[in-house]
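Enquirer: Next up is a structure, given as structure tokens.
2 protein chains.
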Amino acid sequence: MLAEIITIGDEILIGQIVDTNSAWMAGELNNIGIRIKQISSVSDDRQHILTALAEAAGRADIILITGGLGPTKDDITKKTLAEYFKAELVENKDALANVEHIFSRYNRPMLDVNRLQAQVPENCEVILNKNGTAPGMWFNEEGKIYVSMPGVPHEMMYMMEDEVIPKLKSSLKLPVIIHKTILTVGEGESYLADRIADIEDALPPFIKLAYLPKLGQVRLRLSGYGEDEAVLKEKIEEFAAKIVERVGNVVAAQEDIPIEKAILNYMADNNLTLSVAESCTGGYISHLITQHAGSSKVFFGGAVSYSYELKESLLGVKKETLARFGAVSEETATEMVEGALRNFKSDYAVAVTGIAGPDGGTADKPVGTVWVAVASADKTVVKKLTFGNKRRQNIERTAISALNMLNTLLHNSGK
Amino acid sequence: MLAEIITIGDEILIGQIVDTNSAWMAGELNNIGIRIKQISSVSDDRQHILTALAEAAGRADIILITGGLGPTKDDITKKTLAEYFKAELVENKDALANVEHIFSRYNRPMLDVNRLQAQVPENCEVILNKNGTAPGMWFNEEGKIYVSMPGVPHEMMYMMEDEVIPKLKSSLKLPVIIHKTILTVGEGESYLADRIADIEDALPPFIKLAYLPKLGQVRLRLSGYGEDEAVLKEKIEEFAAKIVERVGNVVAAQEDIPIEKAILNYMADNNLTLSVAESCTGGYISHLITQHAGSSKVFFGGAVSYSYELKESLLGVKKETLARFGAVSEETATEMVEGALRNFKSDYAVAVTGIAGPDGGTADKPVGTVWVAVASADKTVVKKLTFGNKRRQNIERTAISALNMLNTLLHNSGK
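Keeping their order, the protein sequence lines are chains E and X. For what it's worth, my numbering labels the leading residue of the first sequence as 25, then goes sequentially. For what it's worth, my numbering labels the leading residue of the second sequence as 25, then goes sequentially.
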């Protein structure tokens, strides 16, 4: 079963917002065996929306549409859908009750434009929006399903989970798609490919292998397409096991999780605790860790020691060390990580200090110079990294490098 | 001048990665007066890529393609482009030199698949990839420009900035597009629209106004399209000034920046400093702040106090307070923010504590219960927020709410 996603909104096409909805929706649909043929982002333009709808309907059976449902003049998705289906807009009483309910909850007067939000094309089934005033709309037309949802991520997400996914599952006979991902750290894409070339060549035609490299990691993704879930699962697990046996030394996880989640799982299983001392990453490592449910079992927290003063007061870095070697130095990184272990009383700690840029570099310490330290009670590993002058990239790459180093330290400690 | 972006890769269509490249590229192209007609994400499938190329070429003059250039078997963009242009693949000596250079830099042996990366369709001009082995490719065919770049963000970004954007500017006569964004905090979309309805109705046809609502903020974006940059700028500034005059009480910034950057700018201009005490946001507020260049002028850092112990040791929250009221309480939030002011010696501080979920709630404190406190030496403001049970959403909404509250405190303090 094929679906397409159409996101509507000039804000995507001028680059003002990143379309995170599509990836999330694609993941949810894949989980129930619906493949995405294409994702298209189009402008708030009548003709363009009409064309995109027709093109998508020519390629797929399910068309999910987000965006353009707000109360203001630039939002034209609803009336364009009415035109596409040659339907009249009519006021829907459930949708109106929902708008009234939301306004009464916030104790604010309802405007005419808000009442208009309860109008929908007459041929649709309304999907309740528990988190906003714009109703979702489900259309069954000429053997195709069209679903229009708001572009606001949390409104769309609740609607998908509570209404759209269950309704798709109950109304369609869905095939099976299974993905299995192996996360590797510390080996390049072409080396991995070379090491497992014979395994890849032996894959049956219904299983595909993809290499997804990023920042010192490569994800190996096996995808199987078919009818029989048990057969697919068995075959995929068989090939995954062969790959893991071959390149096990660099495998961090055998599921599709980010490196910090692999670390959290491993540390939780082994009753280990973690704290951080972040300078140039400014909280990003902590954020990566704490975005995962259950992280509080492993993670104590730590310091975002942006200033010299906080490096001293929170981490016990010596004033002389900072004066003699500077904040970005092997010595400071070492004192930071050891101070974190001591003050925050965790089994492992990570510390980073560097010049994220775009300014602040010197001749001997150019922008992009970073020191990362990881430590346990037994061992401290410190490493210098050299990146470019793009601040956000430096923050991200530093964080991932630090996590890669922590992963290696954990696994080499043999705990 | 119209462009389209085609991103190629199954990993986007199964939702494994979010396509951040397109938004970035769209922003860069808009800056030089190129409008994006459509962004399409398609699979690593020969026929699908061929169709997408032809469709895009039917709508736009410039087609930018990312992804599918890796050395492994699932990457077929290059040979599909060769087929599309009916061209042969030939080894390019500059591209080969680059591959050899990169391998020698990392002191690793080159594999056959890496050498193949130096092959390109004979009708293209090679764009050097300083950060990877896959060359970029520039095609001029039948009045259209096609540019193929790697999907790895930093490889694509350097290539765009160093080569593609300058080449587009020098080879095209580009029209002018100007955007002006006003960031408002604390007023709903429909109320804003109602307050400025007459201004919106008076806009000339070459200026469009869009409302972009998100988490207690609404961005008002004026977009002007034309030939004469000076006239466009003047007209847009004229209408922006009218809007700001009308709704000035909720305006946080008159440029397209996120709320934390508006806060950083205001605090830097007024020589004010900031620290944080984060529990449930786990470093995310610090990350939002420190992703911006120059944040170290304002931001000292702070504590990610995930555990009870660190709330006590780093922030001086009293053991009795935690025992009596719990970590998620008005009292703890107040002690956290005041502890941050005291221990980290900043002019302002933000503290958050809450139950991010999806587990850990109780009858009187369900998942999504959050306390946010903002404070200066003169004033502490504490507020309870109630969200749903989605962890990442709760983290994001808590952070943005905290920043919105800090923004209001700053502006009400009249400093």
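Cβ atoms here follow ideal geometry from the backbone N, Cα and C, with glycine treated the same way. Remember, it's a predicted structure, so these values are computed and weren't measured experimentally.
(1) Grouping DSSP H, G and I as helix and E and B as strand, with all else coil, what is L433/E?
(2) Could you tell me how far apart the beta carbons of P95/E and Q141/E are, in whole angstroms, since I believe they sit closer than 8 Å?
(3) Which two residues bound the contiguous alpha helix (DSSP H) that contains L312/X?
(4) Check distances from the C-beta atoms of the segment 330-360 of chain X to those of chain E and list, in chain order, the residues that come in under 8 Å.
(5) Could you confirm whether any beta carbon from chain X is found closer than 8 Å to the beta carbon of P382/E?
(6) For the segment 227-287 of chain X, which segments carrying the alpha helix (DSSP H) assignment without a break, of at least 4 residues, lie completely within its bounds, in sequence order?
(7) Look up P145/E in the DSSP assignment and give the residues it is bridged to.
(8) Name the DSSP bridge partner or partners of Q62/E?
(9) Using a 10 Å radius around the Cβ and a threshold of 16 neighbouring Cβ atoms, would you call P133/X buried or exposed?
(10) Note down, in chain order, every chain X residue with its Cβ under 7 Å from the Cβ of L88/E.
(11) When you measure from the CB of V275/X to every non-hydrogen atom of the ligand FMN, does any distance come out below 7 Å?
(12) Is the CB of K232/E under 8 Å away from at least one CB in chain X?
(13) Assign A373/E to one of three DSSP states: helix, strand, or coil.
(14) Spell out whether any CB of chain E is found under 8 Å from the CB atom of Q143/X.
(15) Of all Cβ atoms in chain E, is any one closer than 8 Å to the Cβ of N295/X?
(16) Taking the alpha carbon of K191/E as the reference point, which residue from T208/E, H203/E and Y170/E has its own alpha carbon closest?
(17) Is the Cβ of K439/X closer than 8 Å to any Cβ of chain E?
(18) Are three or more beta carbon pairs between the segment 42-59 of chain X and the segment 43-53 of chain E nearer than 8 Å?
(19) Can you check which of these residues, A226/X, G212/X and E261/X, is closest to P237/X by C-alpha distance?
(20) Between the alpha carbons of Q143/E and D98/X, how many angstroms are there, rounded?
(21) Can you tell me whether L105/X is helix, strand or coil according to DSSP?
(22) Looking only at C-alpha atoms, which of R270/E, K285/E and N431/E sits nearest to D218/E?
(23) Hey, is A47/E's beta-carbon within less than 8 Å of any beta-carbon in chain X?
(24) Answer yes or no: does any C-beta atom of chain X fall closer than 8 Å to that of D249/E?
(25) For L207/E and A387/E, I'd like the C-alpha separation in whole angstroms.
(26) Rounded to whole angstroms, what is the Cα-Cα separation between L338/E and V394/E?
(27) State the DSSP-derived secondary structure class of M161/E, mapped to helix, strand or coil.
(28) Spatial neighbours of N155/E within its chain, please: C-beta separation below 7 Å, excluding the five flanking residues on both sides.
(29) Give a yes or no on whether the C-beta atoms belonging to M184/X and I89/X are separated by under 8 Å.
(30) Pick out whichever of A380/X, V396/X and I202/X has its Cα sitting closest to the Cα of D280/X.
(31) For S64/X, would you say it is in contact with chain E, using Cβ-to-Cβ distances shorter than 8 Å as the test?
(32) By Cβ distance, which residues of its chain are closer than 7 Å to E52/E, with the 5 residues on each side in sequence left out?
(33) Using a Cβ-Cβ distance cut-off of 8 Å, determine whether Q241/E contacts chain X.
(34) Does V137/E have its Cβ less than 8 Å from a Cβ in chain X?
(35) Just reading off the alpha helix (DSSP H) that A347/X is part of, what are its end residues?
(36) Sort L37/X, R83/X and I58/X by Cα distance to D69/X and report the nearest one.
Expert: Walking through what the data contain:
(1) Your numbering for residue 433/E matches position 409 in the first sequence. In the structure shown, L433/E sits in a helix (DSSP, three-state: H, G or I).
(2) To locate residue 95/E, count along the first sequence from 1; it is residue 71. To locate residue 141/E, count along the first sequence from 1; it is residue 117. Confirmed, Cβ separation roughly 6 Å.
(3) By one-based count along the second sequence, residue 312/X stands at place 288. Secondary structure note for L312/X: its alpha helix (DSSP H) is the uninterrupted segment Y308 to T314.
(4) The residues in question are Y330, S331, E333, L334, S337 and L338.
(5) Here residue 382/E is taken as the residue at index 358 of the first sequence, counted from 1. By this cut-off, P382/E is an interface position.
(6) 253-271
(7) Position 121 of the first sequence, counting from 1, holds the residue named residue 145/E. Looking at the DSSP assignment, P145/E forms a beta bridge with L113/E.
(8) Sequence index remark: in the first sequence, residue 62/E carries index 38 (1-based). According to DSSP, which records beta bridges pairwise, Q62/E is partnered with E28/E and V66/X.
(9) Within the second sequence, the letter at position 109 stands for residue 133/X. Exposed, since its Cβ has fewer than 16 Cβ neighbours within 10 Å.
(10) By 1-based counting over the first sequence, the position of residue 88/E is 64. Here the premise fails: no neighbours, minimum Cβ distance about 12 Å.
(11) The ligand FMN is not part of the structure shown, which contains no ligands of any sort.
(12) As a position in the first sequence, residue 232/E is number 208, starting the count at 1. Chain X, which has a Cβ nearer than 8 Å to the Cβ of K232/E, makes this yes.
(13) For the purposes of this step, residue 373/E is taken as residue 349 along the first sequence, with counting starting at 1. Residue state, collapsed to three classes: strand.
(14) Within the second sequence, residue 143/X is the residue found at index 119, counting from 1. So no, Q143/X is outside the interface.
(15) Translated into positions along the second sequence, residue 295/X becomes position 271. Chain E, which has no Cβ nearer than 8 Å to the Cβ of N295/X, makes this no.
(16) Reading the first sequence from its first residue, position 167 is the one you call residue 191/E. When each option's Cα is compared against that of K191/E, the closest is Y170/E.
(17) Numbered from its first residue, the second sequence carries residue 439/X at position 415. Low local confidence applies: a pLDDT of 42 at K439/X is under 50, so the model's placement there is unreliable, with the coordinate-based value given in what follows. Cβ-Cβ to chain E under 8 Å: no for K439/X.
(18) yes
(19) If you number the second sequence from 1, residue 237/X lands on position 213. Cα-wise, what sits closest to P237/X is G212/X.
(20) By 1-based counting over the first sequence, the position of residue 143/E is 119. By 1-based counting over the second sequence, the position of residue 98/X is 74. One C-alpha to the other measures close to 46 Å.
(21) Residue numbering aside, residue 105/X sits at position 81 when the second sequence is read from its first letter. Helix.
(22) The residue you call residue 218/E lines up with position 194 of the first sequence. The option with the nearest alpha carbon to D218/E is R270/E.
(23) Translated into positions along the first sequence, residue 47/E becomes position 23. Judged by the 8 Å Cβ criterion, A47/E is in contact with chain X.
(24) Along the first sequence, one-based indexing puts residue 249/E at 225. Note that residue 249/E is Tyr in the sequence shown, not Asp. Judged by the 8 Å Cβ criterion, Y249/E is not in contact with chain X.
(25) As a first step, residue 207/E is located in the first sequence; it is residue number 183 there, counting from the start. As a first step, residue 387/E is located in the first sequence; it is residue number 363 there, counting from the start. One C-alpha to the other measures close to 38 Å.
(26) For the purposes of this step, residue 338/E is identified with residue 314 of the first sequence, where counting begins at 1. For the purposes of this step, residue 394/E is identified with residue 370 of the first sequence, where counting begins at 1. Going by the C-alpha atoms only, they are around 20 Å apart.
(27) For this step, residue 161/E is matched to residue 137 along the first sequence. Three-state result, M161/E: strand.
(28) By one-based count along the first sequence, residue 155/E stands at place 131. Correct list, in chain order: H178, E179 and Y182.
(29) Looking up residue 184/X in the second sequence gives position 160. Looking up residue 89/X in the second sequence gives position 65. Not in contact: M184/X and I89/X (Cβ atoms no closer than 8 Å).
(30) In the second sequence, residue 280/X corresponds to position 256, counting from 1. The shortest C-alpha separation from D280/X is found at I202/X.
(31) For the purposes of this step, residue 64/X is identified with residue 40 of the second sequence, where counting begins at 1. Chain E, which has a Cβ nearer than 8 Å to the Cβ of S64/X, makes this yes.
(32) Here residue 52/E refers to the residue found at position 28 of the first sequence. The residues are M184 and I189.
(33) Here residue 241/E refers to the residue found at position 217 when the first sequence is read from its first residue. It does not; no Cβ of chain X falls within 8 Å.
(34) Your numbering for residue 137/E matches position 113 in the first sequence. At least one chain X Cβ lies under 8 Å of V137/E.
(35) In the second sequence, the residue the question calls residue 347/X occupies position 323. For A347/X, the enclosing alpha helix (DSSP H) covers residues K343 to F349.
(36) Walking along the second sequence from the start, residue 69/X turns up at place 45. The shortest C-alpha separation from D69/X is found at L37/X.
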